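Residue numbers (this note's numbering): 851 to 1044. The next block holds one structure in the form of structure tokens; read it before the comments.
Below, the structure is given as structure tokens:
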């Protein structure tokens, strides 16, 4: 009986070690990144991006690339204005987030485990790079699926990324009195290990 228990334990550890040290890949079809804009001081609207890619290595190195041309505001003309006037996608087609996560977040995991973490991240947007802290929940749904979600929104300000001129252009073309230069960003990212 003791040898059977040891064998089962060894099999369990081998199974989780093999799976936890493989690279995790972002599942774009199940992942979302949303931002909330506020115009005229009182009107809040949710926008999303439909295309992103990313990985987390077995050493905890994470990278997510967001295709800014896939912004979806629910209004086609506004999408085009954000692409050309704000993001200037011809020159800056994507935003890239990188992070160095603790290795324990991608090793020795068990289904059902949830971790609340704060991690330094780097956001590259519009030719500028800004360091910030992300507060996240890492949920291990099963041995091949991890959910990384925002426990608190990331607040992205336009100024450090030299996006204020674009915000002003959007305001002018839409005839608005104001557009907030700061937006909260929420994320729900599914990574798989196949």
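A virtual CB, placed ideally from N, CA and C, is assigned to each residue, including glycine. Just so you know, these numbers come straight off a predicted model, no measurement behind them.
Query, Result
"Through-space distance from residue 908 to residue 950, alpha-carbon basis", "11 Å"
"Neighbourhood of residue 1017 by C-beta distance below 6 Å, restricted to the same chain and skipping five residues each side", "1008, 1029 and 1031"
"Where residue 1034 sits in the DSSP three-state scheme", "strand"
"Residue 963 - DSSP class collapsed to helix/strand/coil", "coil"
"Other residues of its chain near residue 981: CB distance less than 7 Å, five sequence neighbours each side excluded", "970 and 972"
"Where residue 996 falls, given that 16 or more other Cβ within 10 Å makes a residue buried", "buried"
"Distance between residue 913 and residue 927 (C-alpha atoms, nearest Å)", "30 Å"
"Inter-residue Cα distance where the pair is residue 878 and residue 892", "32 Å"
"Three or more C-beta pairs below 8 Å linking the segment 933 to 949 and the segment 959 to 967", "no"
"Boundaries (first-last residue) of the beta strand (DSSP E) holding residue 912", "911 to 917"
"Pair within 8 Å by beta-carbon distance, residue 880 and residue 1040", "yes"
"Secondary structure of residue 1019, DSSP reduced to three states", "helix"
"Residues near residue 898 in its chain [Cβ-Cβ closer than 7 Å; skip 5 each side]", "882, 883, 884 and 922"
"Residues sharing a beta bridge with residue 897, DSSP", "885"
"Separation of residue 906 from residue 994, as counted between CA atoms", "13 Å"
"Helix, strand or coil at residue 942 according to DSSP, with G and I counted as helix", "coil"
"Expected contact under 8 Å - CB spacing of residue 919 and residue 876 to nearest Å", "Not a contact, Cβ separation roughly 18 Å."
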